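One structure below.
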Amino acid sequence: MTELFKKNQELIDYVYANFNGVPKGSDDYEKMISGMRYRCWVPELKYARMRRHERALKYGNISIDDFETPDEYEQARLDYLKTVFGNIKGEAFVEAPFYVDYGFNIEVGDKFYANFNLTILDGSIVKIGHGVALGPNVTLTCATHPLDPYMRVDDHYEWSREIIIGNRVWLGANVTVLAGVHIGDNVVVGANSVVTKDIPANSVAVGIPARVVKKLEVVERGK
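All you need for our numbering is the position in the sequence shown, starting with 1, plus 2.
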């Protein structure tokens with residue numbers, strides 16, 4: 003996955019208007035979410051990662067024993083998730099523990115569920131649609147690194163690409179989705195698959211790398 007060379011101003015404007023906690027005005031942040039080469043150890047990115055790492059870990063400290071009803075417990079977890087993720091558009095439930103790189107680059111739609119050990123390395127934007135379910139140990143990784151060892155080690159350069167997941171998608175246990183991948187609506191990805199390329203809507207994909215093995219006939223409800 004090669005780097006890009008121009009800021010995506012439309013994306014930057016969208017993020018600044020809709021995502022909480024992002025380091026607005028940071029040149030390296032804007033390059034990062036645009037797919038350009040950026041320095042991952044500049045202070046505004048390094049400390050943002052550290053803070054969100056701790057915040058994600060503390061999510062697991064929310065105890066149902068501290069609430070009178072399960073509904074109150076679920077609401078407390080949702081409210082806390084909103085301080086980790088950039089934008090939550092409805093109901094969301096994530097089993098603890100989970101891990102993020104920045105957290106504030108993540109947008110999830112309504113009725114989102116993630117099982118244990120979700121890892122999202124959101125060096126770029128991760129947009130997840132409505133009704134998405136993620137199995138245990140799912141990894142979404144936006145970051146990639148230069149092949150040149152001096153750029154990678156001495157210059158601390160890397161670049162990232164967005165991950166877009168459509169509506170009503172189910173990713174099975176241990177699925178990994180790599181940088182730049184777009185997954186269409188209603189897709190099912192089988193357990194242990196590695197998704198390296200886009201998956202079209204209404205498909206079942208499995209394997210390493212994941213390949214489409216079946217097309218789904220989905221009848222939209224209400225039509």
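Just so it is clear, CB atoms sit at the ideal spot from N, CA and C, and this is done for glycine as well. The model shown is predicted, which means the values in this text are computed figures rather than measured ones.
Taking the alpha carbon of residue i as the point to measure from, which residue in the options has its own alpha carbon closest?
i	options	result
W172	T146, L83, V44 and I130	I130
L167	E12, N194, E219 and S205	The amino acid at residue 167 is misidentified as Leu; the sequence shows Ile. Closest by alpha carbon: S205.
T85	V24, S195 and K8	V24
M250	R213, H147, V221 and V189	In the structure displayed, the chain extends from 3 to 225; residue 250 sits before or after that span and is not available.
G209	V197, K26 and E70	V197
V191	T141, E76, N63 and D68	T141
F118	L136, N22 and G111	L136
A58	R213, D81, Y159 and T71	D81
R39	E12, P151, H158 and N22	H158
V96	K26, I14 and R79	R79
K9	V102, Y61 and S162	S162
H132	V215, R170 and Y152	R170
Y104	F87, V221 and E160	F87
P211	V220, L218 and A193	A193
V102	P151, W43 and T143	T143
N89	N20, E74 and R154	N20
K199	N188, R213 and P45	R213
G62	N188, M153, D112 and F100	F100
Return yes when the Cβ of residue j is within less than 9 Å of the Cβ of residue i, no when it is not.
i	j	result
G92	F114	yes
R41	L47	yes
N226	L120	Since the first and last residues shown for the chain are 3 and 225, residue 226 lies out of range.
I108	V134	no
G37	L6	yes
I165	S195	no
I64	A98	yes
V215	A203	no
Looking at chain C, is there any beta carbon in it that lies within less than 9 Å of the beta carbon of residue i?
i	result
G105	No chain C appears in this structure, which consists of one protein chain only.
What does residue i pair with, by DSSP beta-bridge criteria?
i	result
Y61	Beta-bridge pairing links Y61 to no other residue.
M52	Answer is none; M52 lacks a bridge partner.
Y40	E160
L218	In DSSP, L218 forms no bridge with anything.
L142	I122 and V179
L47	None, per the DSSP bridge assignment.
L6	M38
Fill in: Stretch-stretch touch, CB-based, cutoff 8 Å, three pairs: the segment 175-190 with the segment 27-34
no
Worksheet item: Of all the alpha helix (DSSP H) runs that stay within the bounds of the segment 150-214, which reach a length of 4 or more residues?
Response: For the segment 150-214, whole alpha helix (DSSP H) runs of length 4 or above, ordered along the chain, are 151-155.
Item to complete: Examine the Cβ distances between the segment 159-178 and the segment 53-67 and report whether three or more of them are shorter than 8 Å.
Response: no
Item to complete: Scan the segment 64-137 and note each continuous beta strand (DSSP E) run of 3 residues or more that stays entirely inside, going in chain order.
Response: Within the segment 64-137, the complete beta strand (DSSP E) runs of at least 3 residues are 94-96, 100-102, 108-110, 114-116, 120-123 and 128-130.
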